[in-house]
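Engineer: My questions will all concern the structure given below.
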Ligand SMILES: [Zn+2]
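Numbering (this note's numbering), first residue to last: 141 to 1042.
The following block contains the structure:
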């Protein structure tokens, strides 16, 4: 196909036809879509955009189109590659060069420089990961069109010296939902903004998944990184509507010291080129050195893989409608005072879709021009970053994951994530010693002297966040996102940092597989599965579905010389049980034991089928993540609809889970029927009657599980005997819900954008961010925690393990006549509670409760005060949630009853 096109275009040139004759075959976007891209009120739809890109690929020798997979909801995920026909013809060689420079071990400096001259930088551009940021995908149409048809020397220079990788939408599902909704509500009184999550599971958090790789779209983008090894990634976003018009790099502290300095300078080079080009066209409102930081890898995988991440954030219109200053169309949009990092204010009072398209267009071409002009330098620097990592010779040298772990499943998942993130993993053939510790054969070693050393290091080490304040002793400067990502702590896996070279007999692993654990012979009495692995919950869900009775021991015991912890799962032997346990063990490394005689232990009989309801308020991200989590664990959950409240709740649910962000008003009021038509009925509120019905369902025997700030909802619902111990925040950045569909700019993080003088800053601090007198601040960190593993809700937990805490609350128990409360976990009585990340106000947390279990009438409530399932990344604490779910409807059984296992 491709070479035919090349020959044809050569033929056309040879015949003496003007190149314009070729271009004429390609329709202008205005003709193809029926409106000028960027016209008020008009948005090109995703399927039509794909048609257009395919047309470009068919008719231009500069464009190739590839469908690389399908998204969560089954839409095509597309990559278009745009470059000169000559470059497209030698893509294999160019990709080979990228791979060689990415891993320069054994490559001489001279050879690397020669490859850099031969190669061409790949610029990976994508838009609309956040689907309400609708402008940028429109821009991509105009960018692709220009590159396909323009015969100017500037475009020739770009095509010859850059390979542009374009993903027209990084979240096609949401783009379809948002744009379809926009058209469907045209001319109605309904809200024009799609009211629910625009990514089926992650919502606006879909760009916080760049280290856990949970979502299909993340993995599809990652495949591009792994396969093509681009030199730059540009992530196009939009923000609020007032203040600056576009944020470009460079950004601001803090920056993760694992990010190579050349990448920070690379960001600055492209950002400065963008700013200059915009200002040259008279486009005001360009700001740099502001708001966005370089800390969490959750948003910026690229910065740990040799690429500057170019983030542009353009001001938003009202979706496709103009944003007009409500105070007057002649007045500037928010603060517009010139300063060094904002040299040309934007003084108009209106901002339209067309402005977004124009700003994005100029910025992208400025970036492409910069990369094209300094092509060889970009390739050389890509090499230098990786050379410095593979030549690393300083502490820490490595991280070791011992083969001796509590949870083989999460250990496997941790290694699989690193491997997917391009990290090399070795396994020891024999026992060895490192850092004074002895490790068994089969332990895994992650050497930092490797191409992806930066990613490995930032994911495995403890984060020490700089104590950034507005002034000494003053309020904290908020980070853009969370401050800790230490993977071992998040996942419940012991990982050791090693500060000396590791000398061991190691084998490089090409793939990561779960540890093989042989099944025991069919036992005389029952199968035993310890409570330490999360995989046991997957087994429990499958066993319940197959109708296999399930028990848990309430104390520790010994069997066949092995010690079993409280909470051990006891399963009567049957062909179904054996098959299910063997299958789960094969996929997860779950350890299954067998006993020929009943242990002398009492316990619990689980319900035949635990029926789980998930409260998913519209647009609630923790609820979306929970949906994903429950599906992974095959809980067969039901999402609660306001319509259920017509019937008896106990007919449907044993357990109801309230994710963070489930407030009383979301339960009672929900979506307004005046603003949202019938298809949203499930999310309309249940009213005060429904609220009382929910409380009664608990007292009658239901189990309510509340996470994060939903704990205060549960407390209000049932008058639980706990009270918060931390000061309430007046407003919080990065709220758990996707209420503000755009990136910060209107939220508290926008503070740094809006202040123009110290007086303004102080006023804003007083009103909007954190009270300067506030003693407590924890924007997303891992904090130390003590558990009671003898309590059913903490079965399988170690006595100490960190929990994730983000603008959450801690509690103290208060007296109650009728409700019994038991503390399951608490913050230790210590002077430093930080395991990783940043915390101010340590003393307020000391000795306070986090997880509490209540008996309320015939029912029960479990409150998880901090976000123990945050973005499904906190796998080390999933057990608390799953225990609460499975334990709720159990009944206690004596040792004699348990011995019968019937
Ligand atoms: Zn965004």
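Idealized CB from N, CA, C, for every residue including glycine.
Which word fits residue 1002, buried or exposed, when buried means at least 16 other C-beta atoms lie within 10 angstroms of its C-beta?
Structural biologist: If you number the chain shown from 1, residue 1002 lands on position 862. Looking at its Cβ environment, which holds 16 or more other Cβ atoms inside 10 Å, residue 1002 is buried.
Engineer: Please list, in chain order, all residues of the same chain as residue 640 whose beta carbon is under 8 Å from its beta carbon, the five residues on each side excluded.
Structural biologist: Taking the chain shown and counting its residues from 1, one reaches residue 640 at position 500. Excluding positions up to five away in sequence, the list reads 535, 537, 574 and 575.
Engineer: Check this for me: beta carbons of residue 303 and residue 512, under 8 Å apart or not?
Structural biologist: Here residue 303 refers to the residue found at position 163 of the chain shown. Here residue 512 refers to the residue found at position 372 of the chain shown. No, Cβ-Cβ distance for residue 303 and residue 512 is not below 8 Å.
Engineer: CA-CA distance, residue 312 and residue 166?
Structural biologist: For the purposes of this step, residue 312 is identified with residue 172 of the chain shown, where counting begins at 1. For the purposes of this step, residue 166 is identified with residue 26 of the chain shown, where counting begins at 1. C-alpha separation (whole angstroms): 24 Å.
Engineer: What whole-angstrom Cβ distance do residue 281 and residue 267 have, given they're in contact under 8 Å?
Structural biologist: Within the chain shown, residue 281 is the residue found at index 141, counting from 1. Within the chain shown, residue 267 is the residue found at index 127, counting from 1. No, residue 281 and residue 267 are not in contact; Cβ-Cβ is about 10 Å, not under 8 Å.
Engineer: Under the criterion of a Cβ to heavy atom distance below 7 Å, does residue 378 qualify as lining ligand 1?
Structural biologist: Counting from one through the chain shown, the residue named residue 378 turns up at place 238. Result yes, Cβ under 7 Å from ligand 1.
Engineer: When you measure from the CB of residue 270 to every non-hydrogen atom of ligand 1, does any distance come out below 7 Å?
Structural biologist: Residue mapping note: residue 270 aligns to position 130 of the chain shown, counting from 1. For ligand 1, at least one heavy atom lies less than 7 Å from the Cβ of residue 270.
Engineer: So, is residue 888 buried or exposed, given that buried needs 16 or more other C-beta atoms within 10 angstroms?
Structural biologist: If you number the chain shown from 1, residue 888 lands on position 748. Bear in mind that the predicted position of residue 888 carries a pLDDT of just 29, short of 50, making it unreliable; the figure below should be weighed with that in mind. Buried is the call here.
Engineer: Answer with buried or exposed for residue 957, where buried requires no fewer than 16 other C-beta atoms within 10 angstroms of its C-beta.
Structural biologist: For the purposes of this step, residue 957 is identified with residue 817 of the chain shown, where counting begins at 1. Residue 957 should be labelled exposed.
Engineer: Helix, strand or coil, according to DSSP, for residue 538 in the structure here?
Structural biologist: The residue labelled residue 538 in the question sits at position 398 within the chain shown. It is a strand residue.
Engineer: Which residues does DSSP list as the beta-bridge partners of residue 745?
Structural biologist: Here the question's residue 745 lines up with position 605 in the chain shown. According to DSSP, residue 745 bridges with 691 and 1031.
Engineer: Cα-Cα, which of 620, 276 and 586 is closest to residue 918?
Structural biologist: In the chain shown, residue 918 corresponds to position 778, counting from 1. Among 620, 276 and 586, the Cα nearest to that of residue 918 is on 620.
Engineer: When the Cα of residue 676 is compared with those of 441, 547, 781 and 632, which residue comes out closest?
Structural biologist: Indexing the chain shown from 1 puts residue 676 at position 536. If we check each option's Cα against that of residue 676, 547 comes out closest.
Engineer: With a cut-off of 8 Å, do at least 3 Cβ pairs link the segment 455-464 to the segment 488-499?
Structural biologist: Touching, yes.
Engineer: Provide the residue span of the beta strand (DSSP E) that contains residue 595, from first to last.
Structural biologist: Along the chain shown, one-based indexing puts residue 595 at 455. Element bounds for residue 595: not the beta strand (DSSP E) but the alpha helix (DSSP H), 593-600.
Engineer: My parser needs the alpha helix (DSSP H) runs of 4 or more residues fully inside the segment 540-581; what are they?
Structural biologist: List check, alpha helix (DSSP H) in window: 548-560.
Engineer: State yes or no: is the C-beta of residue 357 nearer than 7 Å to some heavy atom of ligand 1?
Structural biologist: As a position in the chain shown, residue 357 is number 217, starting the count at 1. No, the beta carbon of residue 357 sits no closer than 7 Å to any heavy atom of ligand 1.
Engineer: Under three-state DSSP, which class holds residue 157?
Structural biologist: By 1-based counting over the chain shown, the position of residue 157 is 17. Low confidence applies to residue 157: its pLDDT is 46, below 50, so where it sits in the model is not reliable enough to give any reading.
Engineer: Kindly identify the DSSP beta-bridge partner or partners of residue 637.
Structural biologist: For the purposes of this step, residue 637 is identified with residue 497 of the chain shown, where counting begins at 1. DSSP, once it has assigned bridges, lists 539 as partnering residue 637.
Engineer: Identify whether residue 173 lies in helix, strand or coil by the three-state DSSP scheme.
Structural biologist: The residue given as residue 173 occupies position 33 in the chain shown. The answer is helix: DSSP assigns residue 173 an H, G or I state.
Engineer: Just reading off the beta strand (DSSP E) that residue 586 is part of, what are its end residues?
Structural biologist: Translated into positions along the chain shown, residue 586 becomes position 446. Looking at the DSSP string, the run of the beta strand (DSSP E) that includes residue 586 is 584-587.
Engineer: Since I believe residue 668 is in contact with residue 710 (beta carbons under 8 Å), could you give me their beta-carbon distance rounded to a whole number of angstroms?
Structural biologist: As a working mapping, residue 710 is identified with position 570 in the chain shown. As a working mapping, residue 668 is identified with position 528 in the chain shown. Right, their Cβ atoms sit about 6 Å apart.
Engineer: If we ignore side chains and look at the alpha-carbon of each, how far apart do residue 1028 and residue 368 end up?
Structural biologist: Reading the chain shown from its first residue, position 888 is the one you call residue 1028. Reading the chain shown from its first residue, position 228 is the one you call residue 368. Going from the Cα of residue 1028 to the Cα of residue 368 covers about 49 Å.
Engineer: Quick check on this structure: which residue in 746, 1017 and 263 has the alpha carbon closest to the alpha carbon of residue 518?
Structural biologist: Indexing the chain shown from 1 puts residue 518 at position 378. Considering only alpha carbons, the answer is 263.
Engineer: How would you label residue 580, buried or exposed, when you count the other beta carbons within 10 angstroms and need 16 or more for buried?
Structural biologist: Taking the chain shown and counting its residues from 1, one reaches residue 580 at position 440. Answer is exposed; the Cβ neighbour count stays below 16.
Engineer: Would you mind listing the alpha helix (DSSP H) stretches within the segment 323-393 that are 4+ residues and don't spill past its ends, in chain order?
Structural biologist: Listed in chain order, they are 356-368.
Engineer: Going residue by residue through the segment 637-666, where are the continuous beta strand (DSSP E) segments of at least 3 residues, counting only ones entirely within it?
Structural biologist: Runs of the beta strand (DSSP E) inside the segment 637-666: 646-648.
Engineer: Rounded to the nearest angstrom, how far is the Cβ of residue 386 from that of residue 277, given a contact under 8 Å?
Structural biologist: Looking up residue 386 in the chain shown gives position 246. Looking up residue 277 in the chain shown gives position 137. That pair is no contact at about 17 Å.
Engineer: Nearest-angstrom Cα distance between residue 256 and residue 446?
Structural biologist: Start at 1 with the first residue of the chain shown, and residue 256 comes out as number 116. Start at 1 with the first residue of the chain shown, and residue 446 comes out as number 306. Using only the alpha carbons, I get a separation of about 14 Å.
Engineer: Where does residue 912 sit, in a helix, a strand or coil, going by DSSP?
Structural biologist: Translated into positions along the chain shown, residue 912 becomes position 772. With a pLDDT of only 45 at residue 912, under 50, the local geometry of the prediction cannot be trusted, and the value read off the model is given with reservation. Three-state result, residue 912: coil.
Engineer: Rounded C-beta distance between residue 798 and residue 681? I'm assuming under 8 Å.
Structural biologist: Sequence index remark: in the chain shown, residue 798 carries index 658 (1-based). Sequence index remark: in the chain shown, residue 681 carries index 541 (1-based). Actually they are not in contact, since the Cβ atoms of residue 798 and residue 681 sit about 20 Å apart, beyond 8 Å.
Engineer: Residue 294: beta carbon under 7 Å from a heavy atom of ligand 1?
Structural biologist: On the chain shown, residue 294 is found 154 positions in, with the first residue counted as 1. No, the beta carbon of residue 294 sits no closer than 7 Å to any heavy atom of ligand 1.
Engineer: Consider the C-beta atom of residue 273 and the heavy atoms of ligand 1; say whether any pair is separated by less than 7 Å.
Structural biologist: Translated into the one-based positions of the chain shown, residue 273 becomes position 133. Yes; taking the cut-off as 7 Å, the Cβ of residue 273 has a heavy atom of ligand 1 nearer than that.
Engineer: CA-CA distance, residue 339 and residue 760?
Structural biologist: By 1-based counting over the chain shown, the position of residue 339 is 199. By 1-based counting over the chain shown, the position of residue 760 is 620. Roughly 11 Å separates the two Cα atoms.
Engineer: Pull the bridge partners of residue 989 from the DSSP assignment, please.
Structural biologist: In the chain shown, the residue the question calls residue 989 occupies position 849. Its beta-bridge partners are 951 and 966.
Engineer: Please check the pair residue 965 and residue 934, which I expect to be a contact at CB under 8 Å, by giving their CB distance rounded to whole angstroms.
Structural biologist: By 1-based counting over the chain shown, the position of residue 965 is 825. By 1-based counting over the chain shown, the position of residue 934 is 794. Yes, they are in contact, since the Cβ atoms of residue 965 and residue 934 sit about 6 Å apart, within 8 Å.
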